[in-house]
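Per our numbering, the sequence shown starts with residue 44, numbered consecutively.
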Amino acid sequence: MTFQGWILILGFVAILLALTKPIGAWLFTLYEGRRTPLHVVLGPVERGFYALAGINPHAEQGWRRYALHMLLFNVMLMAFTYAVLRLQGVLPGNPQGLAGLSPHLAFNTAISFTTNTNWQSYGGESTMSNLSQMLGLTIHNFLSAATGIALAFALFRGFARRESKAIGNFWADMTRVTLYVLLPISIVYALFLIASGVPQTMAGVVDVQTLEGAKQSLLLGPVASQEAIKMLGTNGGGFFNANSAHPFENPTALTNLVQMLSIFLIGFGLTWTFGKAVGNTKQGWAILSAMMILFLAGVTVTYWQEAAGNPVLQHLGVAGGNMEGKEVRFGIAASALFSVVTTAASCGAVNSMHDSFTALGGMIPLFNMQLGEVVIGGVGAGIYGFLLFAILAVFVAGLMVGRTPEYVGKKIESREVKLAVLAIAVLPLMIPGLTALSSVLQQGLAGPLNKGPHGFSEILYAFTSAVANNGSAFAGLTANTPYYNGLLGVAMWVGRFFIIVPMLAIAGSLAAKKYTPESAGSFPTTGGLWVGLLVGIILILGGLTFLPGLALGPIADHLAMISGTLS
């Protein structure tokens, strides 16, 4: 580890902390439905959308109606994307003449982008036409991210409102987030990327002559526009197979820093928005503090392991850190930081190959996802996932002080606790179950290119990534098969919507409750004790469940590596 590496990490955190309140305040304005300076230009566009769709943005919805509209919208979007991908070969905007996708790959990809997972069983430049990238995929980068933020707003209203049957209007929340947050930032962001050397063109291939005089074909396309929302919306799906390790997606150290900042930007801001919504910004800072403890611990372990290098190579006299699978223009510190950022959020973009990390260095990205990606988390999904853990934490605290648990003025009763457990149980039920199934079936065992503990880690990582809606992968798994495309698709759908529906039910239940003011017997939920309890509950409920998988995978891989060194 180097001084410059730690300056990068600490500077990254400092910039985000400085941006937390400004972006949180902007999001709070939209949460309340108030006007912004952008309404002068975009207000008519917003009203036009409502008029075309026949929507009354002021008509609020109960949690069931909110959930139903959200689900129908996502099902329709998924079906539309499936059709675009299957018909790609006969649609325009296909300069390379690429054929339509197979049924199982189109199914997997449509679900992947609908759920904000952006898992890719394909190489983008050799599979997707420009039209498919823009109409089939980039549209999801906006709308799946907007859906996540809208759902966070709904849960915030559940905590903030008193004796109400409504938690907002899904269509109004999603439209405002798209128009006044995601779209304007993405336009500026894309222009920055273009100025930095990221292509934005409808051309498919450009032939160039190399310095050696050979001919080389460079694949191009509308990259910058997809890259901007890919990062801002914590989507992660790359235009190119190498994702953000590709120089056309992430050409410089500056673009690399901006990409990492944009992954966390909205997640940081939403913690402040929550505190403001419930009338106490200290609540938001307490949540962010717990998130940062987990994040910085993960960065420390990953950076330490990658800087220490491969013990087998060191035993052979090859000194230095682990640069396998990493870009020289980024180095170890920026690669380690990116890997933790992208898996602490539900982004999944990579600037290095996680499959080539050391065993314990690769364990942290895996563990981040197994926590439910609540360490900052995806846009919207991170904060509402974290609040599910907060409900359980305050329930435990209530048991300790011997009274009905309360959180931000709402009594947490058996209904909320049961629903929170139901949502959180999705990961520990799905991930080990699907991993175990794929570890015994021939179709599953045909996927990993490595055998032994690391091959098991490749399977475990895939299903962890799918259920947690991350999308990154240990690249040694051959996933473009009917078995993996189908099963991973189901895992992504369950991991997204089987958490959302119980969460919305909690929002509806809380909104109907009366406000309960704090008393001398209330457990404080803004101090260091609360932050420590939150971290402990997340590690116990989200982490210990997966110790068997971790022991069979990364830890066993590490021990095998050491034993090979000593032999």
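Glycine residues also receive a C-beta, built at the ideal position from the N, C-alpha and C atoms.
Beta-bridge partners of ASP250, as assigned by DSSP | SER260
Leaving out the 5 sequence neighbours to the left and right, which residues in its chain are closer than 6 Å to GLY415 when beta-carbon positions are compared?
-> GLY428, LEU470, GLY585
Can the beta-carbon of ILE272 be found less than 9 Å from the beta-carbon of PHE185?
-> yes
When DSSP labels each residue in this structure, what does PRO294 get in the three-state scheme?
-> coil
Under the three-state reduction of DSSP, which class applies to SER610: helix, strand or coil?
-> Confidence at SER610 is low in this model, with a pLDDT of 35, below 50, so its placement is unreliable and the value that follows should be read with caution. Three-state result, SER610: coil.
Go to LEU130, then tell me how far its alpha helix (DSSP H) extends in each direction, as first and last residue.
-> Looking at the DSSP string, LEU130 is not in any alpha helix (DSSP H), and its letter there is neither H nor E.
Pairwise C-alpha distance: LEU435 and ALA94 = 42 Å
So LEU331 packs on THR63, CB below 8 Å; how close in whole Å?
-> 7 Å
Among ARG90, MET113, LEU85, the one whose alpha carbon lies nearest that of PHE540 | MET113
Rounded to whole angstroms, what's the CA-CA distance from GLY86 to GLY76? Just pull it up for me.
-> 12 Å
On the three-state DSSP scale, how would you describe GLU206?
-> coil
Measuring CB to CB, does THR160 end up less than 9 Å from ASN411?
-> no
With a 10 Å radius around its C-beta and 16 neighbouring C-beta atoms as the bar for buried, classify LYS556 as buried or exposed.
-> buried
Residue range of the alpha helix (DSSP H) that ALA489 falls in?
-> Element bounds for ALA489: n/a, residue is neither H nor E.
Tell whether a beta-carbon distance below 9 Å holds between PHE71 and ALA329.
-> no
Give the range of the alpha helix (DSSP H) segment to which GLU370 is assigned.
-> Note, GLU370: premise wrong, no alpha helix (DSSP H); not H, not E.
CA-to-CA distance, ASN365 to PRO354, given in whole angstroms | 10 Å
GLN243 in three-state terms, based on DSSP | strand
Does the ligand FMN have a heavy atom nearer than 8 Å to the CB of LYS325?
-> For the structure depicted, the ligand FMN is absent and the ligand set is empty, with no information on it obtainable.
Just to confirm, are PHE517 and GLY352 a CB contact at a threshold of 9 Å?
-> no
Among ALA379, THR314, GLY91, which one has its Cα closest to the Cα of ASN299?
-> ALA379
Environment of MET443 [buried if 16+ CB atoms lie within 10 Å] | exposed
Return yes when the Cβ of ALA110 is within less than 9 Å of the Cβ of VAL418, no when it is not.
-> no
Would you kindly report the start and end of the unbroken alpha helix (DSSP H) that includes GLY147?
-> The identity of residue 147 in the sequence shown is His, whereas the question assumes Gly. HIS147 -> alpha helix (DSSP H) spans 146 to 157.
Could you check if LYS369 is buried or exposed, using at least 16 other CB atoms within 10 Å of its CB as the buried criterion?
-> buried
Which word fits LYS325, buried or exposed, when buried means at least 16 other C-beta atoms lie within 10 angstroms of its C-beta?
-> exposed
Buried or exposed: LEU530, going by 16 or more other Cβ atoms within 10 Å of its Cβ?
-> buried
Mark SER610 as exposed unless 16 or more other C-beta atoms lie within 10 angstroms of its C-beta, in which case mark it buried.
-> Residue confidence for SER610 is low, a pLDDT of 35 falling below 50, so the modelled location carries little weight; the figure read from the coordinates is stated next. Exposed is the call here.
Span of the alpha helix (DSSP H) around GLY575 = 571 to 580
Given THR170 as reference, the closest of ARG129, GLU206, MET334 once Cα atoms are compared = ARG129
Which residues mark the beginning and the end of the alpha helix (DSSP H) in which LEU226 is found?
-> 226 to 238
Quickly, what does DSSP pair SER395 with across the bridge? List them, please.
-> LYS369
Relative to the alpha-carbon of PHE506, which residue among ALA288, ARG458, GLY532 has its alpha-carbon at the smallest distance?
-> GLY532
Determine the DSSP secondary structure at TYR223, reduced to helix, strand or coil.
-> helix
Please name the residue, chosen from ALA388, PHE373, SER389, THR218, that lies closest to MET396 on a Cα-to-Cα basis.
-> PHE373
Alpha carbon to alpha carbon, how far is THR608 from LEU308?
-> No answer about THR608 holds up, because its pLDDT of 46 lies below 50 and its placement is not dependable.
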